[in-house]
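Those letters in the sequence shown? Residues 58 to 142, by the numbering used here.
By construction, the Cβ of each residue, glycine as well, lies at the ideal position given by its N, Cα and C atoms.
See below for the structure under consideration.
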Amino acid sequence: MGIHTAQEFARGIRSHWCIENCLHWIKDVVFLEDDSKIRMGHAPANLSILRTIALNTLRRNGHTSITTAQRFLCHDIDKLLHLVE
58 MGIHTAQEFA
68 RGIRSHWCIE
78 NCLHWIKDVV
88 FLEDDSKIRM
98 GHAPANLSIL
108 RTIALNTLRR
118 NGHTSITTAQ
128 RFLCHDIDKL
138 LHLVE
């Protein structure tokens, strides 16, 4: 099949970046995943899974701004634990 036109190529590029932006942006920017110094063994994958769980838990509990949720919850362990009940 392949790419036949410049428009098809551009569509493919936009599709790739949509995936990158939609799936990875929050973990990269808010959780600073790209800056992590953890590189050995399974630790990077395990921490990525934990970040995803945290992100999904916040979203499931109605938080649309992850940064605001972090600020709201960071000093209140009771509220934080309530999210995972």
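Item	Value
Per DSSP, what kind of secondary structure is residue 79 in: helix, strand or coil?	helix
State the DSSP-derived secondary structure class of residue 98, mapped to helix, strand or coil.	coil
Note down the Cα distance separating residue 130 from residue 73, rounded to an integer number of angstroms.	33 Å
Look at the alpha carbon of residue 97 and the alpha carbon of residue 80, and state the distance between them as a whole number of angstroms.	23 Å
What's the C-alpha gap between residue 82 and residue 139?	26 Å
Excluding five sequence neighbours on each side, which residues of the same chain lie with their C-beta closer than 6 Å to the C-beta of residue 137?	130
Which runs of the beta strand (DSSP E) fall wholly inside the stretch 111–138 and span at least 3 residues, in chain order?	none
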